[in-house]
Amino acid sequence: MSKILIRGAKVLGGEPQDVLIDGETIAEVGTGLSAEGATVIEAEGQVLLPGLVDLHTHLREPGREDSETVLTGTRAAASGGYTAVFAMANTHPVADTAGVVEQVYRLGKEAGYCDVQPIGAVTVGLEGKKLAELGAMHDSAAGVTVFSDDGKCVDDAVIMRRALEYVKAFDGVVAQHAQEPRLTEGAQMNEGVVSAELGLGGWPAVAEESIIARDVLLAEHVGSRVHICHLSTAGSVEIVRWAKSRGIDVTAEVTPHHLLLTDELVRTYNPVYKVNPPLRTEQDVHALRAALADGTIDIVATDHAPHPHEDKDCEWAAAAMGMVGLETALSVVQQTMVETGLLDWAGVADRMSFAPARIGRATGHGRPVSAGEPANLVLVDPAYRGTVDPADFASRSRNTPYEGRELPGRVTHTFLRGRATVMDGKLA
Amino acid sequence: MMRHLISAADLTRDDAVLILDTAEEMARVADRPIKKLPTLRGRTICNLFFEDSTRTRISFEAAEKRLSADVINFAAKGSSVSKGESLKDTAQTLEAMGVDAVVIRHSASGAPFRLATSGWIDAPVINAGDGTHQHPTQALLDAFTMRRRLVGRDAGLGRDLAGKRITLVGDVLHSRVARSNVDLLHTLGAEVTLVAPPTLVPVGVESWPCEVSYDLDSVLPKSDAVMMLRVQRERMNAAFFPTEREYSRRYGLDGDRMAKMPEHAIVMHPGPMVRGMEITAEVADSDRCTVVEQVANGVSVRMAVLYLLLGGSEPAVTPATTRIEEK
Ligand SMILES: [Zn+2]
Chain B
89 MSKILIRGAK
99 VLGGEPQDVL
109 IDGETIAEVG
119 TGLSAEGATV
129 IEAEGQVLLP
139 GLVDLHTHLR
149 EPGREDSETV
159 LTGTRAAASG
169 GYTAVFAMAN
179 THPVADTAGV
189 VEQVYRLGKE
199 AGYCDVQPIG
209 AVTVGLEGKK
219 LAELGAMHDS
229 AAGVTVFSDD
239 GKCVDDAVIM
249 RRALEYVKAF
259 DGVVAQHAQE
269 PRLTEGAQMN
279 EGVVSAELGL
289 GGWPAVAEES
299 IIARDVLLAE
309 HVGSRVHICH
319 LSTAGSVEIV
329 RWAKSRGIDV
339 TAEVTPHHLL
349 LTDELVRTYN
359 PVYKVNPPLR
369 TEQDVHALRA
379 ALADGTIDIV
389 ATDHAPHPHE
399 DKDCEWAAAA
409 MGMVGLETAL
419 SVVQQTMVET
429 GLLDWAGVAD
439 RMSFAPARIG
449 RATGHGRPVS
459 AGEPANLVLV
469 DPAYRGTVDP
479 ADFASRSRNT
489 PYEGRELPGR
499 VTHTFLRGRA
509 TVMDGKLA
Chain Z
107 MMRHLISAAD
117 LTRDDAVLIL
127 DTAEEMARVA
137 DRPIKKLPTL
147 RGRTICNLFF
157 EDSTRTRISF
167 EAAEKRLSAD
177 VINFAAKGSS
187 VSKGESLKDT
197 AQTLEAMGVD
207 AVVIRHSASG
217 APFRLATSGW
227 IDAPVINAGD
237 GTHQHPTQAL
247 LDAFTMRRRL
257 VGRDAGLGRD
267 LAGKRITLVG
277 DVLHSRVARS
287 NVDLLHTLGA
297 EVTLVAPPTL
307 VPVGVESWPC
317 EVSYDLDSVL
327 PKSDAVMMLR
337 VQRERMNAAF
347 FPTEREYSRR
357 YGLDGDRMAK
367 MPEHAIVMHP
377 GPMVRGMEIT
387 AEVADSDRCT
397 VVEQVANGVS
407 VRMAVLYLLL
417 GGSEPAVTPA
427 TTRIEEK
């Protein structure tokens, strides 16, 4: 394998350094490194981070290959600077057996753009009634460590308790989509001033908060670890903060769109803004940003949810929920967290690589940028300014809320174990 | 005037008064032996009903026919929410057929707004009720009825409802009629109070330009009009209130309660009425109840809206001798 010298990049946003990649690993980090025999990438002004890790991606394969496949989804991930993604289990068939998770894992390997770590369903068919074979999925070639019925809440307290207890045997984690189902029947957007005006069914904050409160207490009771998907309210932040102060082993994620967008946008009735959990208020956005900055929220996860055009080009009630996010996540985080002074690039590396890799036990990812480590890296040009054009996306779907919006930053290079998956801003 | 009529909130005070004044002119047509104007001759209007509502559809159809428009009725019952494409497909079909306006009724809030703004169709869109969002022509006909009764038929011309105290009672949460009325009555200068059990008041109502009360008896003596809203019995099963009996005790309008209202005050209902639970027969049949007038006024108001959105700048009604259609 060839050598690559990344010259003059700000490693984790710090002083400019050279990074020499030899084969699959980082050979050397320092200043004035020799370029002999190496392809040189001039990276002055650019920021070098460990490859990003997304703990919450919907790749849609098997079953909805018209929205996304493992190949197109991982190409999108590489474009966004990711070297590992965790693929949610709500596929068709559901990823609730060793066979399905192994299939997804293998497709990821064949595609070669990004490591795919399948997430296993907590319950059979995501039905919330009977535990899936969590141990068999863990023992499979896919080595599943994260379990989630995402898209649905594990609302039965006994099932949730048993899942939390059971995965302790192999250091697994249950990732909860916190949504009390009865409180959100008919829900179409955040419950509040805007929903009252628009006449759209309300999704109240308390439907999320009450499940989080229950689950952190369950996790404490059984001494297990729980991960909360896509926090969206200020109240959820308070509960997680309280749980952590008590020593409960809880981690939490926030999506880029919940850091930027509010329910005011729903006034357009444009289903591109329809997402679950829904966009909340300005006050929630500020609480989420502050919590991500102070570590109460551990990570940014995209909840990348591709849908074909026709599933969004319709009236609000009929539209599918979700938005794509892999290719814009880093830009949104730069705008909402870095340019506001809430987080520096080392903080971004923590929230988007180190911490998600740690929560998901993704070996080889979320490692320091130092000699001997796997060369999973992303190079970002933070000075870049551009308008989002979904036509440029590698994802098979285009359901982005950012079309026509100016977002800062651009991924120029992504390396997966020393091989460039993105080179000069283009998929390699 | 605006190009579409999607929400009562989009109307300025002057727009609204113009519609009400024009409706008075249209009402005179109804008093003539031949109830027809040539105004929209050669124009095609489609009544696109994704949700059943015979009353509203017939009202629009009568208004369209009195203005000599060609009418297409399209009922796409129940097909839309399960199959998202049908609204767009239908819109594009109508566009290809060259319709001049679309009157749309839909179970999904925001569907008329989408239709008007998504580039699927070019024609003006009139919202005939969408989900739990808006029903602007209902609000206009209610305001028209109030202005006639509380200000006067001729005396009301050019006037709004400044200072009138209007009370809306019942299922505000699920009511597009309540939303539309609050917006329009506020624009027209009225003071609006919503009365309902707390379970049937939407979260977020504090931003609406109205008062909220849980106590009907205390509001009645200071009401110039009391509008009863539909309460579906199914709401009881979803725990919005305990029993039908308890609901009607606390929020139903009977003779005793009506007696607490000022002499001149009227009782309104968008219909169809559920006698017993929300309104007793005694109240419904009294001459203070305007339900039948509301139906007649609905045609006049819808004629006015169609005329103003489609008819251009000519006077709506010219002297009977020269312009009445021979038929
Ligand atoms: Zn989810």
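Protein sequences, first through last, are from chains B and Z. The working numbering numbers the first residue of the first sequence as 89 and each following residue consecutively. The working numbering numbers the first residue of the second sequence as 107 and each following residue consecutively. Even for Gly, the Cβ is constructed at its ideal location relative to N, Cα and C.
Checklist line | Contacting residues, own chain, Cβ-Cβ under 6 Å from S354(Z) (five flanking each side not counted) | finding: M383
Next item on the list: Return yes when the C-beta of D382(B) is under 7 Å from any heavy atom of ligand 1, and no when it is not.
Entry: no
Next item on the list: Return no unless some Cβ of chain B is closer than 8 Å to the Cβ of V311(Z).
Entry: yes
Item checked: Among A182(Z), I372(Z), A114(Z), the one whose alpha carbon lies nearest that of R254(Z) -> I372(Z)
Checklist line | V107(B) to V246(B) span [Cα, whole Å] | finding: 51 Å
Check: Between the segment 431-443 of chain B and chain Z, which residues of the former have CB atoms less than 7 Å from a CB of the latter, in chain order?
Finding: none
Item checked: Coarse secondary structure for W330(B), derived from DSSP in three states -> helix
Note to self: What are the residues in the segment 283-313 of chain B lying within 9 Å of chain Z by C-beta distance?
What the structure shows: S283, A284, E285, L286, G287, L288, G289, G290, P292
Note to self: Here's the rule: buried if 16 or more other CB atoms are within 10 angstroms of the residue's CB, otherwise exposed. What is M203(Z)?
What the structure shows: exposed
Item checked: C-alpha distance - K91(B) paired with I129(B), whole-angstrom precision -> 11 Å
Margin query: Below 7 Å, is the gap between the Cβ of C317(B) and the nearest heavy atom of ligand 1?
Written below: yes
Check: Taking 8 Å as the CB-CB cut-off, is D337(B) touching chain Z?
Finding: no
Checklist line | C-alpha gap between Y413(Z) and L173(Z), whole angstroms | finding: 8 Å
Note to self: Along the chain, where does the alpha helix (DSSP H) containing E157(Z) start, and where does it finish?
What the structure shows: Per DSSP, E157(Z) belongs to no alpha helix (DSSP H) and is neither H nor E.
Checklist line | Under 8 Å by beta carbon: chain Z residues contacting W404(B) | finding: A214, S215, G216, A217, R220
Notebook entry, point to check: beta strand (DSSP E) containing A507(B): first to last residue?
Noted result: The sequence given here places Arg at residue 507(B); Ala does not occur at that position. Taken as a continuous stretch (DSSP letters only), the beta strand (DSSP E) holding R507(B) covers 507-511.
Next item on the list: Indicate whether at least one CB of chain Z lies closer than 8 Å to the CB of V281(B).
Entry: yes
Margin query: ligand 1 and N364(B): does the residue's C-beta get closer than 7 Å to at least one heavy atom of that ligand?
Written below: yes
Next item on the list: Pick out the complete beta strand (DSSP E) segments inside the segment 315-368 of chain Z, 3 residues or longer, and give them in chain order.
Entry: 317-319, 331-334
Next item on the list: Measure the beta-carbon distance from V231(Z) to V208(Z) and round it to whole angstroms, keeping in mind my assumption that it falls under 8 Å.
Entry: 5 Å
Check: Within this structure, are the beta carbons of G280(B) and D386(B) separated by less than 8 Å?
Finding: no
Next item on the list: Run the proximity test for H392(B): is its beta-carbon closer than 7 Å to any non-hydrogen atom belonging to ligand 1?
Entry: no
Item checked: 8 Å CB neighbourhood of T160(B) in its chain, flanking five on each side removed -> A482, S483, R484
Notebook entry, point to check: According to DSSP, which residues form a beta bridge with K514(B)?
Noted result: M511(B)
Notebook entry, point to check: Ordered along the chain, which non-local residues of its own chain (more than five positions away) have a Cβ less than 6 Å from that of V304(B)?
Noted result: A331, I336, V338
Next item on the list: For R493(B), I'd like the list of residues in its chain whose CB is within less than 8 Å of its CB, leaving aside the five on either flank, ordered along the chain.
Entry: T475, V476
Notebook entry, point to check: According to a CB-to-CB cut-off of less than 8 Å, which residues of the segment 233-262 of chain Z neighbour chain B?
Noted result: D236, G237, T238, H239, Q240
Item checked: Neighbour flag for R341(Z) against chain B, beta carbons, 8 Å -> no
Margin query: What I want to know is whether the C-beta of H345(B) ends up closer than 7 Å to one or more non-hydrogen atoms of ligand 1.
Written below: no
Notebook entry, point to check: Does the beta-carbon distance from G310(Z) to S283(B) come in below 8 Å?
Noted result: yes
Next item on the list: Please work out which residues of its chain come closer than 7 Å, Cβ to Cβ, to R147(Z), disregarding the five sequence neighbours upstream and downstream, and give them in chain order.
Entry: S174
Next item on the list: Examine chain Z for any beta-carbon lying closer than 8 Å to the beta-carbon of D351(B), and answer yes or no.
Entry: no
Note to self: To be precise: take each residue of the segment 286-319 of chain Z, compare its Cβ to all Cβ atoms of chain B, and keep it if any distance is under 8 Å. Which residues remain?
What the structure shows: P308, V309, G310, V311, E312, S313, W314
Next item on the list: Mind reading off the beta-carbon distance from D294(B) to E341(B)? Whole number of angstroms is fine, and I expect it under 8 Å.
Entry: Just to set this straight, residue 294(B) is Val in the shown sequence, not Asp. With a Cβ gap of about 20 Å, V294(B) and E341(B) do not count as contacting.
Note to self: Just to confirm, is the Cβ distance from L246(Z) to V389(Z) under 8 Å?
What the structure shows: no
Next item on the list: Taking only beta-carbon positions, decide if D401(B) is within less than 8 Å of chain Z.
Entry: yes
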